[in-house]
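What follows is one structure encoded as structure tokens, with my remarks underneath.
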Amino acid sequence: MGALTDPRGYWDDLTITEQGVTAAIGLIVLSLVLLLLTGALGASYFLFLFGLAGMYALLSFGLNSQWGFTGLINFSVAAFFGLGAYGAALMTASNSPLGGEFNPVFGLLVGLVLAAVIAVAIGIPTLRLRADYLAIATLGLAEVIRLFTINERQLTNGSAGLRGIPTFFEEWPVLGTVPDVMPAIEIELLPGSPVVLGLSFWQQLLNVALLLVFLGGTFAILRRAQRSPWGRLLRTIRSDEDLAKALGKNTYSYKMQSFVLGSLIMALAGVFFAHLNLVVTPDQLDPITTFYVWVAVILGGSGSNRGALLGGFVVVAIREGSRFVNEISVIPDFLGGAPLRLLAIGLLIILVMRFRPQGILPPQRELIWPSAIDDAAPSRPDRGVRDSKGGGTDD
Amino acid sequence: MSIIEYAANGLVYSSIIVLGSIGLSLIYSIAGFANFAHGDTMTVGAYATLVAFGVVGGVGFSVLGLPMGFFLAMLIGIAVAAVVAVVTEKIVYEPLDIGSIGLLITSIGVAFVYRALIRMGFGADAIQYDVGTLRPIEALLPYGIRMTQHDVAIVISAAVLVTGLHVLLQHTDLGRKMRAMADNPDLARASGIRTYRIKLWSWIIGAGLAGSGGAFLGLFNFLEPRMGFNVLLVIFAAVILGGIGSVYGAMLGGFLIGMVVEMMPLFTDLGIPIGIEYAEAVAFLIMVAVLLMRPTGIAGDAIDGEGV
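Chains as they are written, first to last, in this note's numbering: chain A, 23 to 417; chain B, 72 to 379.
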């Protein structure tokens, strides 16, 4: 039953939380459309934010396929994100110490290959470790990578970072010229406040298109993987690794596959970021990026790809919202900006772990093919389809 | 520079790392999770010392270039760190009904809250204690050792605190119960030990030692909101090297890792081209190597596969 063919039935089939989230998203989208039409929110800035949120969602997808599927505590998200960003930037930036100014497609390839190689190199020693040791070891190795990018100036330009990165489609035959060719459109809904869509708007629109390709592709692959026997095995490893071993599975090999897959997705987010932000510095490898992504995944619901999507958007709302609070003069200076963001993230982690450790949108029917659900299941499974069918939770 | 000089620097830095490591190891074995807020507990101790020092001022005679007021302020800093840790345990960790991984993730949130509040109160800039800068001790210079009286104060104070903990663990009732609980929590509970109370005491002692380590770190370098987080991984490396759950292992591990970090320039002298800026990286690599080859650490007992 699709949302389009049978909206009523689709709505009834959602859990109460899902209905709440859907309604909230509806309201937010509506208010965003109003803000955009009245010109209160710049269209190109909105698209930039959307790109950023989608990028966090992509990172969350990556972490989800490691932590949510397999239970690997990877605290080196920022490092793989940085590898993707640096791979892309080193190949394309105008001040790249390695020559640069190649086609962004090469940057994409280099970023992904770099991430895959490092993922295997980090995975070989650490994936045998038990969960909390894995967390500490990956955080330590991520710091090694960060120290490397800061100190090896001849390779990475050090703390100055890489500038002059082209947009992804700049050298493509048709797409490269779109922003210049497209006319500036002026929409005047309210008298006196026209909304102008110019060069930067088309530029950002292209970015968003690229992001949607990345996001859509990743989502489709992960959804397929999650419901496949492969995904089922990963979930077994997550809940009881000894059981998976006892069934004769080489759990180390499966953990490695899941680790590399997740790292590739994170690097993909890094590549996108390089072409969105056009500047890459070692700051992007700071551990705080890792923890933002963890917040997104835990908040959304570990193992749930829809949850990761939601979490990514919430994280950007917090990041950019705190910047906005900074501009309101009523708020005292010392409260605004970075400390407030840190406080919000910290409190959010504590509150989620206290009151909803399974996240807002825990995986329910995502884990099984829709056709596998029989009609005997209650129409409103508040505790999830799996529970009501006697499957129990998976964590 | 001579080996002796690096060793002297290493001794000072090790003293600080040891104070942090003991607390982390205690909480790891008794509360049962890797506490990522431990570094920021050190920061709390450092800033509490700063505030207390501002209040009590430079009262009293001066010992090793530090007024007695500083030592008094440090005791207050230790107390504040301990109180903050106990309050956090009561409000945050105790009501949680999740495993050690959930607690680990929660402690990251706690760390952010500590750090955010400190940044709101004191800003992000580096601050120093108002105790003046000292020249190296003249008598040691002929031996090639450049150590200030403050450095000596750090080493002696750390030695006093560590000895105190040793006496507590070996010769008091509380110490025996703590060792029993670190060894096997279930058995300890079954033997009639009020494990809840022991857990609170280990938070008090662990956070108190972290607070003193933070205060010394501030004296050794300077204070800034990220100071504790910056040494957290070095402390984890020390704890893992020594063997998680072993207080004496943490002392040994802290000493060794502190020495390695400060003796980094020796590598270049020996012809191994690795800069001082990679000191921490070397500490992490040692940590990973230890995890692989001897996960129980140098002094660790053979723990069961799942650990605490």
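By construction, the Cβ of each residue, glycine as well, lies at the ideal position given by its N, Cα and C atoms. Here the structure is a predicted model, which means the values were calculated and not measured.
Contact check, residue i vs residue j under 8 Å by CB: the rounded distance?
i: A164 of chain A; j: A111 of chain A; result: Going by Cβ atoms, the distance from A164 of chain A to A111 of chain A rounds to 18 Å, so no, they are not a contact pair.
i: M358 of chain B; j: A159 of chain A; result: 7 Å
i: S96 of chain B; j: V318 of chain B; result: 6 Å
i: L294 of chain B; j: L121 of chain B; result: 6 Å
i: G325 of chain A; j: P385 of chain A; result: 4 Å
i: P188 of chain A; j: P126 of chain A; result: 6 Å
For residue i, would you say it is in contact with chain A, using Cβ-to-Cβ distances shorter than 8 Å as the test?
i: A461 of chain B; result: Outside the modelled stretch of chain B, which goes from 72 to 379, sits residue 461 of chain B, for which no answer is possible.
i: G136 of chain B; result: no
i: I98 of chain B; result: no
i: E348 of chain B; result: yes
i: M191 of chain B; result: yes
i: T114 of chain B; result: no
i: E295 of chain B; result: no
i: A373 of chain B; result: Residue placement at A373 of chain B cannot be trusted, given a pLDDT of 44 that sits under 50; what the coordinates show is reported in the next sentence. Cβ-Cβ to chain A under 8 Å: no for A373 of chain B.
i: L362 of chain B; result: yes
i: T204 of chain B; result: no
i: L167 of chain B; result: yes
i: M358 of chain B; result: yes
i: F338 of chain B; result: no
i: E160 of chain B; result: no
i: G91 of chain B; result: no
i: G320 of chain B; result: no
Are residue i and residue j touching if we call contact CB-CB under 8 Å?
i: A278 of chain B; j: A152 of chain B; result: yes
i: T114 of chain A; j: G104 of chain A; result: no
i: I328 of chain B; j: I88 of chain B; result: yes
i: G101 of chain B; j: I269 of chain B; result: Looking at the sequence shown, residue 101 of chain B is not Gly but Ile. Against a cut-off of 8 Å, the Cβ pair of I269 of chain B and I101 of chain B comes out as a contact.
i: W89 of chain A; j: V319 of chain A; result: yes
i: A354 of chain B; j: A286 of chain B; result: no
i: G322 of chain A; j: G381 of chain A; result: yes
i: E410 of chain B; j: L271 of chain B; result: Absent from the structure is residue 410 of chain B, since the part of chain B shown begins at 72 and ends at 379.
i: A291 of chain A; j: G73 of chain A; result: no
i: N327 of chain A; j: F241 of chain A; result: yes
i: R260 of chain A; j: F91 of chain A; result: yes
i: N117 of chain A; j: N179 of chain A; result: yes
i: V184 of chain B; j: L365 of chain A; result: yes
i: I345 of chain B; j: P379 of chain A; result: no
i: R297 of chain B; j: P361 of chain A; result: no
i: L290 of chain B; j: Y200 of chain B; result: yes
i: A119 of chain B; j: I147 of chain B; result: yes
i: G438 of chain B; j: Q241 of chain B; result: The displayed coordinates of chain B run from 72 to 379. Any statement about residue 438 of chain B would go beyond what the structure contains.
Residue i CB to nearest chain B CB: under 8 Å?
i: E165 of chain A; result: yes
i: T114 of chain A; result: no
i: N173 of chain A; result: yes
i: P195 of chain A; result: no
i: Y274 of chain A; result: no
i: M278 of chain A; result: no
i: A16 of chain A; result: This structure cannot settle anything about residue 16 of chain A, because the visible part of chain A is limited to 23 through 417.
i: T148 of chain A; result: yes
i: D154 of chain A; result: yes
i: G259 of chain A; result: It should be pointed out that residue 259 of chain A corresponds to Ile in this sequence rather than to Gly. Not an interface residue.
i: I140 of chain A; result: no
i: F91 of chain A; result: no
i: F313 of chain A; result: yes
Between which residues of its own chain and residue i is the CB-CB distance below 8 Å, once the five residues before and five after are set aside?
i: L136 of chain A; result: L105, G106, Y108, G109 and A289
i: L286 of chain A; result: G84, L134, A137, A138 and A141
i: L69 of chain A; result: F223, Q226, L227, N229 and V230
i: V233 of chain B; result: V89, L90, I93 and M322
i: L232 of chain A; result: F190, F191, F294 and H297
i: L381 of chain B; result: Missing from the structure shown is residue 381 of chain B; chain B here goes from 72 to 379 and no further.
Starting from the C-beta of residue i, find all residues in its chain whose C-beta is less than 6 Å away, skip the five residues before and the five after it, and write them out in chain order.
i: E76 of chain B; result: G215 and I216
i: M385 of chain B; result: Given that chain B is displayed from residue 72 to residue 379, the structure contains no residue 385 of chain B and the question cannot be resolved.
i: T312 of chain A; result: F97, V99 and A100
i: L63 of chain A; result: L57
For residue i, which residues of its own chain have a beta-carbon under 7 Å away from its beta-carbon, when the five flanking residues on both sides are left out?
i: D375 of chain B; result: Caution is warranted here: a pLDDT of 39 is assigned to D375 of chain B, below 50, making its placement in the model unreliable, and the coordinate value is therefore given only provisionally. Answer for D375 of chain B: no residue qualifies.
i: F128 of chain A; result: M113
i: F338 of chain B; result: I345
Segment contact, 8 Å Cβ cut-off, at least three pairs: the stretch 213-232 of chain B with the stretch 74-94 of chain B | Touching, per the Cβ criterion.
Any 3 or more C-beta pairs closer than 8 Å across the stretch 113-125 of chain B and the stretch 294-307 of chain B = Judged by Cβ distances under 8 Å, the stretch 113-125 of chain B makes contact with the stretch 294-307 of chain B, as three or more pairs qualify.
Decide if the stretch 90-110 of chain B is in contact with the stretch 167-187 of chain B; the criterion is three or more beta carbon pairs, one per stretch, under 8 Å apart.
-> Yes: at least three Cβ pairs fall under 8 Å.
Count the CB pairs spanning the stretch 126-145 of chain A and the stretch 195-204 of chain A that are closer than 8 Å, and state whether there are at least three.
-> By the criterion of at least three beta-carbon pairs nearer than 8 Å, the stretch 126-145 of chain A is not in contact with the stretch 195-204 of chain A.
Taking three-plus beta-carbon pairs below 8 Å as touching, is the stretch 272-285 of chain A in contact with the stretch 144-153 of chain A?
-> Three or more Cβ pairs closer than 8 Å define a contact, and the stretch 272-285 of chain A meets that threshold against the stretch 144-153 of chain A.
Counting pairs of beta carbons, one from the stretch 250-266 of chain B and one from the stretch 131-144 of chain B, are three or more of them closer than 8 Å?
-> Contact check between the stretch 250-266 of chain B and the stretch 131-144 of chain B: fewer than three CB pairs, one atom from each, fall below 8 Å, which does not count as touching.
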